[in-house]
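I have placed the structure first, in the form of structure tokens, so that the comments after it can refer back to it.
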Amino acid sequence: MRVCVVGTGYIGLPTALMLASHGVYVEAVGHRQETVDRLRRGDVTFEEKGLPELFAQARESGRINFRCDYPEEDFYIITVPTPYLPDSKKVDASAIVDALRHVLAHCRDGAIIVVESTISPGTIDREVRPVVAESGKHVHLAHAPERIIPGNMLKELIHNSRTIGCDDAATGETIKKVYLSFCQGDIVVTDIKTAEMTKVVENTFRDINIAFANELAKICRRGGMDVAEVIRIANKHPRVNILQPGPGVGGHCISIDPWFLVGDFPEEARLIRTAREINSSMPAYVLDRIESIMREKGLSDYSRIGLYGLTYKEDVDDTRESPTLQLLEVMEKRGLPAPLVYDPMVSAKKAARQCFDYDEFLAGTDMIVLLVGHSHIRSSLASLEGKTVLDTRGIVTDGSAYKL
Ligand code: SAJ
Numbered sequence: 001m002r003v004c005v006v007g008t009g010y011i012g013l014p015t016a017l018m019l020a021s022h023g024v025y026v027e028a029v030g031h032r033q034e035t036v037d038r039l040r041r042g043d044v045t046f047e048e049k050g051l052p053e054l055f056a057q058a059r060e061s062g063r064i065n066f067r068c069d070y071p072e073e074d075f076y077i078i079t080v081p082t083p084y085l086p087d088s089k090k091v092d093a094s095a096i097v098d099a100l101r102h103v104l105a106h107c108r109d110g111a112i113i114v115v116e117s118t119i120s121p122g123t124i125d126r127e128v129r130p131v132v133a134e135s136g137k138h139v140h141l142a143h144a145p146e147r148i149i150p151g152n153m154l155k156e157l158i159h160n161s162r163t164i165g166c167d168d169a170a171t172g173e174t175i176k177k178v179y180l181s182f183c184q185g186d187i188v189v190t191d192i193k194t195a196e197m198t199k200v201v202e203n204t205f206r207d208i209n210i211a212f213a214n215e216l217a218k219i220c221r222r223g224g225m226d227v228a229e230v231i232r233i234a235n236k237h238p239r240v241n242i243l244q245p246g247p248g249v250g251g252h253c254i255s256i257d258p259w260f261l262v263g264d265f266p267e268e269a270r271l272i273r274t275a276r277e278i279n280s281s282m283p284a285y286v287l288d289r290i291e292s293i294m295r296e297k298g299l300s301d302y303s304r305i306g307l308y309g310l311t312y313k314e315d316v317d318d319t320r321e322s323p324t325l326q327l328l329e330v331m332e333k334r335g336l337p338a339p340l341v342y343d344p345m346v347s348a349k350k351a352a353r354q355c356f357d358y359d360e361f362l363a364g365t366d367m368i369v370l371l372v373g374h375s376h377i378r379s380s381l382a383s384l385e386g387k388t389v390l391d392t393r394g395i396v397t398d399g400s401a402y403k404l
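The opening position of the sequence shown corresponds to residue 1 in the working numbering, with each subsequent residue numbered one higher.
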């Protein structure tokens, strides 16, 4: 089997490596020469458990090649990013369309083109099919949305169930064979629009459930109750499973996909919009908490506040849509002095007053706001002794920290 994977980012790279280390010959097409050069040298471009080992295995197999140009193949998987348009909240499929034009210019007649990137229902019909028709090429389109969670991507690539949306059963079977090279989960074949909708619905489900937890945190704060204790007890009910409140929802998936439904169905998607608004309100809510704690403790110097964590969640290095970056934006908008920021997982400069040394960060702060529950802080809670701590992630359980 031979596959061309277009996109070498968070989804494309693990997928390409997984295919190559399971007997498939892979041509991986990257957008930027610099990234392709790094990948050719065997450099892992982002942190993910097991990725360096998988990379080494794939390279040893001799079945992976990184390049910027497009090869002539029969099977393509497109994994490029799909952000949303800030004004209309609709999906921006331009990167898919761009990749598709290149694929169409090089693919063999009858090729299968699978889009893995998340898109809103109807995107293939509206934006992809016309490009294919215009090219005059005969190809089979499919949508097989990825489902893997950063932090546990490789295990989930192998064990998660997958959805394949396509126009005919025979194409579905061919695609299934490719994914079966490594995937041990159930593979469901359906139509394209159902596959598009299912993916967005999965992330929207999680967004709504996190919003519920965040709303409960606000209600419990106002009513003088401990939200962690309320959730812990409620979750003992056999049909209740409340998620955890936090400083907001980040990442390139859950904080974006629900907007596709709001953009396309503004009249109907009311609960979905409200959930998004609740989750987006959390960074400002954290700032309100910081201010009230500062008043209570007689603290007034914002430049001696320390924000711990810049990534969107624990033990990853991805800062996209991160609640901490959103909080920094809110602080700037309110004209407050920039706080110190530290994240052991982030080596690039992302904030004005970012420390790259934990001790330096500790020395410069009176109050620390825990925004991400990295393993690093979970195993060094003793270092916070003597500081005023606001814990937005439920990490400190001995009662010594302020909570959300
Ligand atoms: N979060 C909370 N409370 C929780 C759970 C999460 O505040 O109880 C926050 C996280 O801190 C983070 C955000 O939500 O900021 C999202 O994190 P996540 O771990 O829930 O999910 P992602 O964005 O890393 O990955 C999601 C997954 N989708 C679902 O679980 C339905 C993953 O399976 C998808 O493949 C991925 O989106 C994607 O690429 O679409």
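Where a beta carbon is used, it is the ideal one built from N, C-alpha and C, also for glycine. Just so it is clear, the structure is predicted and the values come from calculations on it, not from any experiment.
Would isoleucine 175 pass as a contact of asparagine 160 if the rule is Cβ separation under 9 Å? Stepping through the sequence shown from its first residue, residue 175 is reached at position 175. Stepping through the sequence shown from its first residue, residue 160 is reached at position 160. No; because the gap between Cβ atoms is not below 9 Å, this pair is not in contact.
Can you tell me the Cβ-Cβ gap for isoleucine 208 and alanine 275, rounded? I've got them flagged as a contact below 8 Å. Here the question's residue 208 lines up with position 208 in the sequence shown. Here the question's residue 275 lines up with position 275 in the sequence shown. That belief holds up - the Cβ atoms of isoleucine 208 and alanine 275 are roughly 4 Å apart, short of 8 Å.
Closer than 8 Å: cysteine 220 CB and nearest the ligand SAJ heavy atom: The residue given as residue 220 occupies position 220 in the sequence shown. Cysteine 220: no, Cβ never under 8 Å from the ligand SAJ.
Can you check DSSP and say which residues form a bridge with valine 405? A query on residue 405 cannot be resolved here, the shown segment of the chain reaching from 1 to 404 and no further.
Closest to histidine 140 by C-alpha separation, out of Ala352, Ala170, Asp257, would be which residue? Stepping through the sequence shown from its first residue, residue 140 is reached at position 140. Nearest option by C-alpha distance: Ala170.
Arginine 353 and serine 303: beta carbons closer than 9 Å? What you label residue 353 is simply residue 353 of the sequence shown in a count that begins at 1. What you label residue 303 is simply residue 303 of the sequence shown in a count that begins at 1. Yes, they are a contact pair.
Does the stretch 187-194 come close enough to the stretch 246-261 to have 3 or more Cβ pairs within less than 8 Å? no
Any heavy atom of the ligand SAJ closer than 8 Å to the beta-carbon of threonine 123? Counted from its first residue, the sequence shown places residue 123 at position 123. No; taking the cut-off as 8 Å, the Cβ of threonine 123 has no heavy atom of the ligand SAJ nearer than that.
I need the boundaries of the alpha helix (DSSP H) containing aspartate 391, first residue and last residue. Numbered from 1 along the sequence shown, position 391 holds the residue referred to as residue 391. Note, aspartate 391: premise wrong, no alpha helix (DSSP H); beta strand (DSSP E) at 388-391.
Could you check the C-alpha separation between methionine 153 and proline 14 for me, to the nearest Å? Position 153 of the sequence shown holds residue 153. Position 14 of the sequence shown holds residue 14. Cα to Cα, the separation comes out at about 8 Å.
Phenylalanine 361 classed as buried or exposed, judged by whether at least 16 other C-beta atoms fall within 10 angstroms: Position 361 of the sequence shown holds residue 361. By the 10 Å Cβ count, phenylalanine 361 comes out buried.
To the nearest angstrom, how far is it from the Cα of methionine 367 to the Cα of proline 337? Mapped onto the sequence shown, residue 367 falls at position 367. Mapped onto the sequence shown, residue 337 falls at position 337. Spanning the two alpha carbons is a distance of roughly 14 Å.
With a threshold of 8 Å, establish whether the CB of histidine 252 neighbours any heavy atom of the ligand SAJ. Looking up residue 252 in the sequence shown gives position 252. Checking every heavy atom of the ligand SAJ against the Cβ of histidine 252, one is found closer than 8 Å.
Rank Lys236, Arg126, Asp264, Leu325 by C-alpha distance to the C-alpha of tyrosine 84 and give the top, closest one. For this step, residue 84 is matched to residue 84 along the sequence shown. If we check each option's Cα against that of tyrosine 84, Asp264 comes out closest.
Closer than 8 Å: glycine 151 CB and nearest the ligand SAJ heavy atom: Start at 1 with the first residue of the sequence shown, and residue 151 comes out as number 151. Glycine 151: yes, Cβ under 8 Å from the ligand SAJ.
Beta-carbon separation (whole angstroms), histidine 143 vs isoleucine 192, contact threshold 8 Å: Start at 1 with the first residue of the sequence shown, and residue 143 comes out as number 143. Start at 1 with the first residue of the sequence shown, and residue 192 comes out as number 192. With a Cβ gap of about 5 Å, histidine 143 and isoleucine 192 count as contacting.
Simplified DSSP assignment, three categories, for glutamine 354: The sequence position of residue 354 within the sequence shown is 354, counting from 1. Glutamine 354 falls in the strand class under three-state DSSP.
What three-state label does DSSP hand methionine 367 in the structure shown? Taking the sequence shown and counting its residues from 1, the one referred to as residue 367 is at position 367. Three-state result, methionine 367: strand.
Of the choices Asn241, Lys49, Glu48, Gly30, whose alpha-carbon is the least far from that of arginine 40? By 1-based counting over the sequence shown, the position of residue 40 is 40. Selected option, being the one with the closest Cα: Gly30.
Under 9 Å between the Cβ atoms of leucine 404 and leucine 390? Counting from 1 along the sequence shown, the entry for residue 404 is found at position 404. Counting from 1 along the sequence shown, the entry for residue 390 is found at position 390. A contact, by the Cβ cut-off of 9 Å.
Where asparagine 241 falls, given that 16 or more other Cβ within 10 Å makes a residue buried: Position 241 of the sequence shown, counted from the first residue, corresponds to residue 241. Exposed, by the Cβ-count rule.
Relative to the alpha-carbon of glycine 298, which residue among Thr388, Gly7, Phe55 has its alpha-carbon at the smallest distance? Along the sequence shown, read from residue 1 onward, the residue named residue 298 stands at position 298. Checked all of Thr388, Gly7, Phe55; the closest Cα to glycine 298 is Thr388.
Nearest-angstrom Cα separation, counted from arginine 222 out to cysteine 107: Taking the sequence shown and counting its residues from 1, one reaches residue 107 at position 107. Taking the sequence shown and counting its residues from 1, one reaches residue 222 at position 222. Cysteine 107 and arginine 222: Cα-Cα distance of roughly 60 Å.
Which two residues bound the contiguous alpha helix (DSSP H) that contains leucine 17? Position 17 of the sequence shown, counted from the start, is the residue given in the question as residue 17. Where leucine 17 is concerned, the enclosing alpha helix (DSSP H) stretches over 12-20.
Judging by CA-CA distance, which residue of Pro130, Arg63, Ile256 is the nearest neighbour of proline 86? If you number the sequence shown from 1, residue 86 lands on position 86. Comparing Cα positions, the closest option is Ile256.
By how many angstroms is the C-alpha of valine 346 removed from the C-alpha of phenylalanine 205? Reading the sequence shown from its first residue, position 205 is the one you call residue 205. Reading the sequence shown from its first residue, position 346 is the one you call residue 346. Rounded to whole angstroms, phenylalanine 205 to valine 346 spans 29 Å at the Cα level.
Is tyrosine 84 near the ligand SAJ, in the sense that its beta carbon is under 8 Å from a heavy atom of that ligand? Locating residue 84 in the sequence shown gives position 84, counting from the first residue. The answer is no for tyrosine 84.
Distance cut-off 8 Å: aspartate 191 Cβ against heavy atoms of the ligand SAJ: One-based indexing of the sequence shown puts residue 191 at position 191. Flag unset: Cβ of aspartate 191 not near the ligand SAJ.
According to DSSP, simplified to helix, strand and coil, what is phenylalanine 46? For the purposes of this step, residue 46 is taken as the residue at position 46 of the sequence shown. Here phenylalanine 46 sits in coil by DSSP.
Out of Thr365, Glu116, Arg101, Ile290, which one is the CA nearest neighbour of threonine 8? Against the sequence shown, residue 8 aligns to sequence position 8. Checking every option, the nearest Cα to that of threonine 8 belongs to Glu116.
Rounding to the nearest angstrom, what Cα-Cα distance links threonine 311 and aspartate 318 in this structure? As a working note, residue 311 is residue 311 in the sequence shown. As a working note, residue 318 is residue 318 in the sequence shown. Each residue's Cα considered, the two are about 5 Å apart.
Which of the three DSSP states is assigned to isoleucine 233 in this structure? What you label residue 233 is simply residue 233 of the sequence shown in a count that begins at 1. Isoleucine 233: helix per DSSP, three-state reduction.
When the distance is taken between beta carbons, is tyrosine 76 closer than 9 Å to isoleucine 113? Position 113 of the sequence shown, counted from the first residue, corresponds to residue 113. Position 76 of the sequence shown, counted from the first residue, corresponds to residue 76. Cβ distance < 9 Å, so isoleucine 113 and tyrosine 76 count as in contact.
For arginine 32 and threonine 397, what's the separation of their Cα atoms in angstroms? Position 32 of the sequence shown, counted from the first residue, corresponds to residue 32. Position 397 of the sequence shown, counted from the first residue, corresponds to residue 397. Distance between the alpha carbons of arginine 32 and threonine 397: 45 Å.
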